[in-house]
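Residue numbers (UniProt numbering): 1 to 349.
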């Protein structure tokens with residue numbers, strides 16, 4: 001197949017225009033952020049030098065001017081948040097109150113459908129199971145890892161291995177675990193690790209991802225495998241930050257390792273543990289890639305984010321998909337508010 005430059009010329013021109021626009025916008029912003037502060041700094045320095053030479057009192061900063069100066073730097077961020085978050089959120093709420101074609105208002109009918117349709121109720125139950133299990137199990141494994149590898153000989157190497165799944169995308173991790181759960185018929189050589197173990201123990205291979213509700217639990221294992229490394233790193237740093245004098249005093253009092261863990265370590269790392277649980281909870285509420293890659297949401301494994309995609313982009317039900325998106329957003333809000341209040345209490349304490 002020969003390449004015809006003349007035929008592809010419009011595409012190259014469009015690409016060139018896009019690059020020029022990108023360079024102009026980004027370069028202009030960088031230049032603006034560099035020139036404006038430097039200009040204000042030089043101007044203030046000149047006033048200070050003039051005041052010092054004349055013996056006049058040094059000029060004070062005006063709070064109003066500082067407020068405008070701060071607003072100038074915050075404006076791009078506020079603009080991006082408005083365009084990328086606030087406007088889409090408002091539009092999604094409005095679409096959730098309309099029909100599938102986004103032409104007629106239907107009120108709360110889409111939300112009523114969400115809680116009356118059996119398949120969607122199954123999706124909500126699956127999401128609830130994910131939110132209950134993943135943060136607790138992942139945080140528990142992370143805490144166990146952090147305690148076991150703390151100050152051991154190969155601590156850095158062990159932490160690197162445990163944290164390694166965090167460097168893999170959710171899609172990549174799902175593909176890896178699909179090979180672990182892979183199935184071949186009875187009498188054939190198994191390529192899936194789990195079925196190979198079952199066969200070697202005298203059992204029969206199973207199609208693990210087709211059996212509900214076991215398949216949902218097996219997908220949860222993937223998320224736990226990924227997030228346990230994150231929990232381990234954060235909690236390990238918190239354990240190392242426990243004051244040494246408190247630990248030494250507890251040892252002199254003759255406390256057992258179990259008492260040391262529950263009475264000294266756990267209260268000291270409680271703020272870090274809350275951060276880990278909240279962060280993993282938010283990530284779990286939004287889980288999409290694992291379900292999409294592993295089962296495509298079939299066999300009663302779908303979750304809110306996956307069903308939202310199906311309704312809006314596969315079935316053309318914009319109202320129902322938007323309702324699921326709004327419901328997901330509502331679920332995330334209390335978790336975020338709790339985290340903000342917790343951080344504020346830590347600063348005030």
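Note that CB positions come from ideal geometry on N, CA and C, so glycine has one too. Only a predicted model underlies this, so the values are computations on that prediction, with no experimental measurement involved.
Could you check where the alpha helix (DSSP H) with residue 145 kicks off and where it finishes? 118–148 is the extent of the alpha helix (DSSP H) around residue 145.
Which whole-angstrom value describes the C-beta separation of residue 324 and residue 337, a residue pair presumed to lie in contact below a C-beta threshold of 8 angstroms? That pair is no contact at about 21 angstroms.
To the nearest angstrom, report how far apart residue 110 and residue 294 are at their CA atoms. Those two C-alpha atoms are separated by around 28 angstroms.
Between residue 354 and the rest of its own chain, which residues show a CB-CB distance below 6 angstroms, the 5 nearest in sequence each way excluded? This structure cannot settle anything about residue 354, because the visible part of the chain is limited to 1 through 349.
Using only the alpha-carbon positions, how far apart do residue 288 and residue 19 sit? Just so you know, the alpha carbons of residue 288 and residue 19 end up roughly 32 angstroms apart.
Determine the contact status of residue 182 and residue 192, defining contact as a CB-CB distance below 8 angstroms. yes
Would you call residue 90 buried or exposed, if buried means 16 or more other Cβ atoms sit within 10 Å of its Cβ? exposed
To the nearest angstrom, how far is the alpha carbon of residue 255 from that of residue 270? 20 angstroms
Alpha carbon to alpha carbon, how far is residue 125 from residue 274? Give it in angstroms, no decimals. 24 angstroms
Start-to-end residues for the alpha helix (DSSP H) that takes in residue 251: 244–252 is the extent of the alpha helix (DSSP H) around residue 251.
Comparing alpha-carbon positions, which option in 328, 306, 285, 301 lies nearest residue 135? 285
Counted within 10 angstroms of its Cβ, other Cβ atoms place residue 159 as buried (16 or more) or exposed: buried
Start-to-end residues for the alpha helix (DSSP H) that takes in residue 348: Per DSSP, residue 348 belongs to the alpha helix (DSSP H) from 318–348.
Quick check: what's the CA-CA separation for residue 290 versus residue 97? 29 angstroms
Rounded to a whole number of angstroms, what is the C-alpha to C-alpha distance between residue 346 and residue 279? 17 angstroms
By the DSSP assignment, the alpha helix (DSSP H) with residue 104 in it spans what residues? Run containing residue 104: none; DSSP gives neither H nor E here.
When the Cα atoms are used, what is the spatial distance from residue 1 to residue 16? With a pLDDT of 47 at residue 1, under the threshold of 50, the modelled position of this residue cannot be trusted, and the question is left open.
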